[in-house]
Structures are given as C-alpha cells and as structure tokens.
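This report concerns only the one structure given below.
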Amino acid sequence: MASAEAHLEAEALPHISDGDTNEIRAAVEKGDLRAAATKAQEILASEEQIQLHIAVTGESGSGKSSFVNAMRGLQDREEGAAELGVMETTMECSPYPHPQHSHVTVWDLPGIGAPSCTPDTYLKQVHFDRYDFFIIISSSRFTQNAATLAEEIQARGKRFYFVRSKVDQDVSNERRLYDEEGVLKAKGKQATETRSQRYDEMAVLLRIRQDCERKLARLGIRSPQVFLVCRDDFSMKYDGPRLLKTFLDDLPSEKKLSFLRCLAITSREVLRQKKEELMKYFWLKSLASCGGSAVPIPGLSAAVDIAILVTSLKEYCRTFGLAEESLQKLAEQVNKPVKELKAVIKTPLEDEITKDLVIKLLTQSIGGAAKNLPFLLKSIPTFLGPIGSLVSAAMAFPTTFFLLRNFLSDAADDAERVLQKALEGTTQKSHLWS
Ligand SMILES: Nc1nc2c(ncn2[C@@H]2O[C@H](COP(=O)(O)OP(=O)(O)OP(=O)(O)O)[C@@H](O)[C@H]2O)c(=O)[nH]1
Ligand SMILES: [Mg+2]
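Taking our numbering, the leading residue of the sequence shown gets 2, the next gets one more, and so forth.
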C-alpha cells in the first residue's frame, strides 16, 4: 500500500441529522463505544437505502429509451437495456435500475403529446411524486408540450432538464456540407448566410443549442438551458459530461453519493468527486466497525467488525470500476485487451476482497495508525471529541480509519491509471482530461 502520510488531509462530513449526531455524542460521553458503533451502523444502513429516481420523458421517438440505456452505461442491444423503436413502444412507466448500483433507477416514461393527454393528467398518470428530477428530451426543436410540461414540473417544486438528443446526426449532416479539408461546399444564400466558410463543430453545436434555447424562451421558459447529447459515448461527448455534473451539483447532499457511485469515470474531476464523497464516511465506518459482530485482531486490544470493512472496500472497488465486469466492459469499449488495463492496477479487485485479506490489511495498518495517531484523532468530528480517549487505547478506530483512507486513495490512483491506459492512443484523451 502507498505511504499514508501523503494522503492525510482533513475531510468534510456526510449529511447526518442532528438527532443521530446527538445520539452518537451521548453514547460516547457515557463511554459506551458499542452503543455509538450500533448507531453508526444504523446510519450507514439507512444511507444504503437511499434511492434516486430519474424520469426520462419527451416526445415519442425522441430517444428516451436510448437515453435511459446511455445513463445506465448499456448498449441498446445489451441484456437489461430498454427496448427501442421508432414506433411508440413505451406506453407505460418502466423502471430500469442501474446494473451495478440498483439504488439508482432511470424511468422510461410514455411519450408526451398524445392529443388526449394534458401535462396535468400526464404527470398524474406517471406518478409525479416518485421522481427526484425529470429529463425532457427532444430530437429537434422543443414543442409547446415540452415547455408546458416543464412549467408544471417546476410549479410542483421539482427540477427538470432539457436534453436535445441525436446531436451526432446533426453534426454529421452538417459535416457533409464541407469538403475533406473542411471548406464549405454548399452554395446558395441559405447555406452561406448561416454557416462559416470553414467547418467548426463547436459553432455547429452552439447554433443548435441557441436555436433550442431561443425556441423555449419564445414558449415562455425563462433562461432555458439545453444540453446536447448523443447516446453513444453519452458521458464523454458533447454536453453529456456537463449534464451529469449539473445533476450532481443540483442534488441534495444526502443523494450525491448514490449518484456519484454509478457515474462512469470519464475525467479526473469525476474521480476527485467520488473520492471526496467517500472520504466523508471514514469516521462513521470506523466507528461502526467497533461494534456488532466484532472479531479480535492480533495486535489490537479491541475487536473489529470485519464484515463492515469487507463491504466498504468492495464498495470502493465498485465505485472506481475496479471489478472484473467493469474492466471487461471498458476493455471492449476501447478495444484493448483487459490484461493491459489490469496490469496498471495495484490494489485487489472487488472479487478479491475477502475477510482474510481485510484482517491482513488491518494488521499491516496498526503501525502506521499508531505513528499518525494525533492526526487521525484530529480527523474525527469535534462532536465526537471524547471518543479520542475511548479508542486510542484500543486502537481499533484509528487503525480502521487508516486502512480505509489508504485503500481508498490507492484505489483512486488505480482508477486514474486504468483510465489513462484505456485512453492511450485514442483521440478522446484531450477531451476527457479537461
Ligand atoms: N443517431 C442517433 N440515433 C438515436 C439516438 N438516440 C436514439 N436514436 C434512434 O432514434 C430512434 C428512437 O429512439 P428511442 O430511444 O426508441 O426513442 P423513444 O423516445 O424511446 O421512442 P418511443 O418509446 O417510441 O416514444 C431509434 O431508432 C434510435 O436508435 C442518438 O443519440 N443518435
Ligand atoms: Mg421508448
């Protein structure tokens, strides 16, 4: 494992209610470490239950089902993918849980715009309350139906995002008007008035975005924002990365980790955010591991709940794509042997995390934790102040804390190396690492 000192810095805290905080504090003040640990376990268990429901709606045939698949990192024909069709195939609300993170569900909603259906009856029909936010898709200009639906969603206190799909088609149609050197071939007033002489993809995208936004403004939407996407390489191309970042920024703090877990690692920024969010839970997991079905560890005078640590390390691996299935998929995407990607990984993969391995890592962490004890105790939230004297003798808490932060840091470094390797020799590199 890498040297821990390099990674020591203070962390923010996860979202925890005042009631929960008070219960932990009261248990610690009474010197009841087991009660504090049980409470920490309860908080972690309820965090696991947090669900995120994303509704995808829009005109029939606009690319809703394709978008649902893209959000879940699936190809259209893959097992578990939403069914596509240019005919109206989606007549009811279909839930599609994320394949690796089932607490996030993307819902494929019926097409809007059937003459008999007003936005009001539509929102009732699709069970409006179920969703955290809405994505309204169009593959051309947005219609009155889309604008009215957005207003109804907003009036009911929820967020919506306008997404313009199939942008790859627009880009390739536009490109055809230029020759191989990128010089405008098309003649005629209409072509030359609205286009530059040299092909410029950014200008094409800007024109589409502004066109959609102007149309929505005319339909009464104030300061509309439109995101341009295509289903292939959705999280990497056009406005896909910006859209995902916007979802994340807008989510309430208690839902951020749920969403971050299932984001594909497409940039250093995503990686940094995943790491930062997981770091907030070190102290809670360390505290939780001091209770429950704890087992004695040689060298530690207090027992540690190994199951919590196994689950945590597996979660870190899954979140950073360090699992057999994710690596296989990435290798296929970038057309490289999976062996090449695995060669840069230093930490164990998700499937290799066992109870025995965790006990070994824990034993190896005792010395480092003892050396860094003053710092580790400083990382504990101040409201847990008295826990320092409770746990420092036993060393279980700081040792667990030390193990979690080292493992997370190493896993994040691995994920960065994997992505770098995956992108080696591809043209996506400069785009992705911005
Ligand atoms: N080129 C391109 N085609 C797309 C894209 N998204 C969807 N399509 C195609 O557009 C057609 C309709 O896509 P769907 O995802 O089935 O659209 P939908 O809104 O779910 O359709 P209904 O359920 O029938 O309302 C399919 O042929 C898709 O392959 C895209 O980003 N680029
Ligand atoms: Mg559909």
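Here a beta-carbon is modelled for each residue, glycine too, at the ideal position from N, C-alpha and C.
Please read these numbers as outputs of a predicted model, since none were measured by experiment.
In this structure, does DSSP put residue i in helix, strand or coil?
i           : result
residue 85  : coil
residue 348 : coil
residue 123 : helix
residue 96  : strand
residue 106 : strand
residue 181 : coil
residue 163 : strand
residue 359 : helix
residue 67  : helix
residue 368 : helix
residue 189 : coil
residue 4   : Since pLDDT at residue 4 reaches only 40, below the 50 mark, its modelled position is unreliable, and the value read off the structure follows with that caveat. If DSSP states are grouped into helix, strand and coil, residue 4 belongs with coil.
residue 74  : coil
residue 58  : strand
residue 199 : strand
Taking only the alpha-carbon atoms, compute the straight-line gap between residue i and residue j and give it to the nearest angstrom.
i           : j           : result
residue 112 : residue 98  : 20 Å
residue 152 : residue 124 : 12 Å
residue 94  : residue 119 : 17 Å
residue 133 : residue 53  : 6 Å
residue 381 : residue 292 : 17 Å
residue 232 : residue 167 : 7 Å
residue 369 : residue 400 : 8 Å
residue 412 : residue 175 : 43 Å
residue 69  : residue 306 : 38 Å
residue 110 : residue 344 : 42 Å
residue 270 : residue 49  : 24 Å
residue 402 : residue 96  : 37 Å
residue 45  : residue 346 : 28 Å
residue 245 : residue 229 : 12 Å
residue 274 : residue 17  : 19 Å
residue 359 : residue 335 : 33 Å
residue 221 : residue 80  : 41 Å
residue 249 : residue 260 : 7 Å
residue 398 : residue 287 : 5 Å
residue 64  : residue 356 : 45 Å
residue 363 : residue 340 : 29 Å
residue 211 : residue 137 : 17 Å
residue 312 : residue 171 : 45 Å
residue 162 : residue 367 : 49 Å
residue 247 : residue 203 : 20 Å
residue 396 : residue 374 : 9 Å
Using 10 angstroms around the beta-carbon of residue i, count the other beta-carbons present and answer buried if the total reaches 16, otherwise exposed.
i           : result
residue 262 : buried
residue 427 : exposed
residue 215 : exposed
residue 186 : exposed
residue 325 : exposed
residue 164 : buried
residue 34  : buried
residue 56  : buried
residue 316 : buried
residue 184 : exposed
residue 27  : exposed
residue 406 : buried
residue 422 : buried
residue 330 : buried
residue 59  : buried
residue 276 : buried
residue 415 : buried
residue 15  : buried
residue 126 : exposed
residue 348 : buried
residue 104 : buried
residue 425 : exposed
residue 66  : buried
residue 195 : exposed
residue 466 : No answer is possible for residue 466: the residues shown for the chain start at 2 and end at 435.
residue 333 : exposed
residue 207 : exposed
residue 182 : exposed
Say yes only if the C-beta of residue i is nearer than 8 Å to one or more non-hydrogen atoms of ligand 2, and no if none qualify.
i           : result
residue 66  : yes
residue 109 : yes
residue 49  : no
residue 84  : yes
Is any heavy atom of ligand 1 found at a distance shorter than 8 Å from the C-beta of residue i?
i           : result
residue 167 : yes
residue 60  : yes
residue 76  : no
residue 212 : no
residue 138 : yes
residue 63  : yes
residue 240 : no
residue 352 : no
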